[in-house]
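Colleague: Numbering (my numbering), first residue to last: 18 to 234. Using N, Cα and C, we set each Cβ at its ideal position, and we do this for glycine too.
Listed below in structure tokens is the structure:
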């Protein structure tokens with residue numbers, strides 16, 4: 018868990034850099050968080066599951082870099098994070114089995130979340146002057162909600178409440194981070210959105226990967 022602690026410490030540096038507008042520090046610390054999480058996965062005992070999550074963290078790192086370039090590569094970032102969520106979903110594949118009627122309710126809730134958030138965001142994309150982004154954004158939102166659903170299924174497959182809580186809470190914070198980012202970009206401006214998005218994203222990834230190591234490592 019040493020690298021998980023390092024990821025949190027680097028994240029704290031990055032939040033300070035973003036708040037204080039220290040761009041050079043941000044350029045190092047932001048990807049540094051994901052590098053630490055990647056090392057946490059690849060230096061541990063490892064399993065077929067953790068390898069999939071390592072691939073997901075790698076593509077999260079690629080997405081982070083693309084979105085922080087001086088000339089932001091938004092579509093490339095969406096593509097990288099799309100792949101990250103696909104790998105996370107594959108990593109959760111053993112959890113994606115029907116075990117309880119409550120899972121049907123959970124699925125219905127996720128469909129409702131996708132509709133409630135997706136409708137205004139996609140309308141905002143349409144009105145932003147970049148209608149070509151509607152397809153990529155819709156696909157990304159779909160895979161993000163699917164990853165969140167798979168993460169929450171951990172409650173029915175993991176005996177440890179703490180580990181299930183870490184995974185589900187981490188996935189929820191990740192979902193909130195990307196929702197806030199999309200809302201700020203396409204629907205309405207939010208005060209200190211970049212910092213809020215970054216904090217939610219980092220804490221979400223750290224909790225998610227920490228929980229995954231606890232369950233699958």
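(1) Look at the Cβ atom of residue 35, then the Cβ atom of residue 202, and state whether they are nearer than 9 Å.
(2) Does the region 125-141 come close enough to the region 74-93 that 3 or more CB-CB pairs lie under 8 Å?
(3) In whole angstroms, give me the CA-to-CA distance for residue 59 and residue 226.
(4) Let me confirm a value: residue 126 is counted as buried when at least 16 other C-beta atoms fall within 10 Å, else exposed. Which label applies?
(5) Decide if residue 164 is buried, meaning its Cβ has at least 16 other Cβ atoms within 10 Å, or exposed.
(6) Compute the distance between the beta-carbons of residue 189 and residue 181, then report whether it is under 9 Å.
(7) Got a sec? Which residues, its chain only, sit under 8 Å from residue 142 by beta carbon, not counting five neighbours each side?
(8) Would residue 140 pass as an interface residue toward chain C - the criterion being a Cβ-Cβ separation below 9 Å?
(9) Buried or exposed: where does residue 112 fall if 16 or more other Cβ atoms within 10 Å of its Cβ makes it buried?
(10) Please check the pair residue 213 and residue 197, which I expect to be a contact at CB under 8 Å, by giving their CB distance rounded to whole angstroms.
(11) If the criterion is Cβ atoms closer than 9 Å, does the pair residue 178 and residue 106 meet it?
(12) Between 70, 77 and 195, which has its C-alpha nearest residue 231's C-alpha?
(13) Give the range of the alpha helix (DSSP H) segment to which residue 219 is assigned.
(14) Measuring alpha carbon to alpha carbon, tell me which of 27, 200 and 78 ends up nearest residue 136.
(15) Near residue 157, which residues of its chain fall below 6 Å by C-beta distance, leaving aside the five closest residues on each side in sequence?
(16) From which residue to which residue does the alpha helix (DSSP H) around residue 40 run?
(17) Please list, in chain order, all residues of the same chain as residue 77 whose beta carbon is under 6 Å from its beta carbon, the five residues on each side excluded.
(18) Between residue 54 and residue 79, is the Cβ-Cβ spacing less than 9 Å?
Modeller: Here's the rundown:
(1) no
(2) no
(3) 12 Å
(4) Classification of residue 126: exposed, given that the 10 Å Cβ count is below 16.
(5) The residue in question, residue 164, is buried, as its Cβ has 16 or more Cβ neighbours within 10 Å.
(6) no
(7) 148, 150, 151, 154 and 203
(8) Reference to chain C is not applicable here, since this structure consists of a single protein chain.
(9) buried
(10) 6 Å
(11) The answer is no: Cβ separation not under 9 Å.
(12) 70
(13) 210-233
(14) 200
(15) 95 and 99
(16) Per DSSP, residue 40 belongs to the alpha helix (DSSP H) from 40-59.
(17) 51 and 101
(18) Their beta carbons are not under 9 Å apart, which means residue 54 does not touch residue 79 by this criterion.
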